[in-house]
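Per the working numbering, residue 16 is the first one in the sequence shown, and the count goes up by one each step. Structure, as structure tokens:
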Amino acid sequence: MMSNHASARARRRDAVGGRVTGGMLIMLMIAVWSVGPLPAQGVGFSMVSGNAGRDAELERRLERLDPNDPQAYFELAEDLAEGVRGRPDVAVARRLFGLAGRLDPEKYAASAALALASLESDSSEATKLRAAATLLPGGGGMNTVRRGGRVDPEMALSISTAFGAFSSGRPSPLRRLLADRSVRRILESWDDVLPGGVDWLQAAADDRPGSRTLALKERLLMIHLELSLLERGHPDWSTLLAIEGDPPLLEVDSSRLEKMLLDEERLRPLRRDGRWVEG
Numbered sequence: 016m017m018s019n020h021a022s023a024r025a026r027r028r029d030a031v032g033g034r035v036t037g038g039m040l041i042m043l044m045i046a047v048w049s050v051g052p053l054p055a056q057g058v059g060f061s062m063v064s065g066n067a068g069r070d071a072e073l074e075r076r077l078e079r080l081d082p083n084d085p086q087a088y089f090e091l092a093e094d095l096a097e098g099v100r101g102r103p104d105v106a107v108a109r110r111l112f113g114l115a116g117r118l119d120p121e122k123y124a125a126s127a128a129l130a131l132a133s134l135e136s137d138s139s140e141a142t143k144l145r146a147a148a149t150l151l152p153g154g155g156g157m158n159t160v161r162r163g164g165r166v167d168p169e170m171a172l173s174i175s176t177a178f179g180a181f182s183s184g185r186p187s188p189l190r191r192l193l194a195d196r197s198v199r200r201i202l203e204s205w206d207d208v209l210p211g212g213v214d215w216l217q218a219a220a221d222d223r224p225g226s227r228t229l230a231l232k233e234r235l236l237m238i239h240l241e242l243s244l245l246e247r248g249h250p251d252w253s254t255l256l257a258i259e260g261d262p263p264l265l266e267v268d269s270s271r272l273e274k275m276l277l278d279e280e281r282l283r284p285l286r287r288d289g290r291w292v293e294g
């Protein structure tokens, strides 16, 4: 009889122990599932080392920059904005565009303003930068071919504004402009400057809004054309203020145009030990 009672107690202990063990196993499985699969050590190391390698290469390229060669700053900015040798780095690209414009305003100030406008997510700031480009010196660094014929200032600004909207995923203003034969004739005279000519521009403008993302190379080619048209048109300040549909440009202080490219605090052209320093 005692043996039967002992056997029953043992069976109850085994049942309880089984439930506890089973419950702990379920909890452990839930914890593992919630964490998810652990990354393979080799893959994680490869990604980290790859990023470190790209960062080291970028630092070497930045340290090779010389303030006596502003073109190198501008060209590296183009590469970084487009991600030519790795992931895009828009923040550094902006700084380099600004430095190029400040180091050699005669060649790069206007070009830098339009390049910065193409990277600007705020449409009002982009408009101000395009306006600044019409007032700043520069443009010689773009090497665009000068075409004959006078361009009406308002038309030049309308095209520039439509290009800016198009680059931001809003093709309607450009579509309306291309329907104007006089505008189309002007753009056709610059057909070889556009990424794929006027036909490419028309096809892109006919796309659904936001459906086409421009590569930086395409945006920069359009900037080259914008700058050339603005230079040919020579728009004055009153024309800038009258652009239909644009926000007021009265906030653009003509005495601070260069600071719109890069403020004095960041005007340090040399990269040393991971920091920007005075030249």
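Glycine included, each C-beta is placed from N, C-alpha and C at the ideal position. In this text, all values refer to a predicted model and were calculated from it rather than measured experimentally.
Indicate whether residue i and residue j have their beta-carbon atoms separated by less than 8 Å.
i, j, result
"R283", "E273", "no"
"A115", "Y123", "yes"
"W205", "L240", "yes"
"M275", "L134", "no"
"L151", "S173", "no"
"D222", "P188", "no"
"R190", "A171", "no"
"R213", "R199", "According to the sequence provided, residue 213 is Val. The question's Arg does not apply to it. A contact, by the Cβ cut-off of 8 Å."
"E90", "R287", "no"
"P85", "L95", "no"
Go ahead and pull the three-state DSSP assignment for residue i.
i, result
"W205", "coil"
"V166", "coil"
"R287", "strand"
Using CA coordinates, which residue listed in the options is at the minimum distance from residue i?
i, options, result
"P82", "G98, A71, E74, R117", "R117"
"T176", "E203, P152, A148", "A148"
"L129", "G211, R271, M237, R281", "M237"
"V166", "L193, L202, Y88", "L202"
"L277", "A220, G289, A71, D119", "D119"
"P210", "R200, F112, F178", "F178"
"E93", "R196, P188, S138, E233", "E233"
"G184", "P85, E97, L229, T142", "L229"
"S126", "L245, E74, P103, R75", "L245"
"L73", "V107, E279, A141, G212", "V107"
"E280", "G113, A218, A96, E121", "G113"
"G98", "R79, Q86, D70", "D70"
"S139", "A180, E121, V105", "A180"
"L285", "R76, L80, A141", "L80"
Which word fits residue i, buried or exposed, when buried means at least 16 other C-beta atoms lie within 10 angstroms of its C-beta?
i, result
"R110", "buried"
"S136", "exposed"
"S243", "buried"
"G289", "exposed"
"S182", "buried"
"A218", "exposed"
"A146", "buried"
"A194", "exposed"
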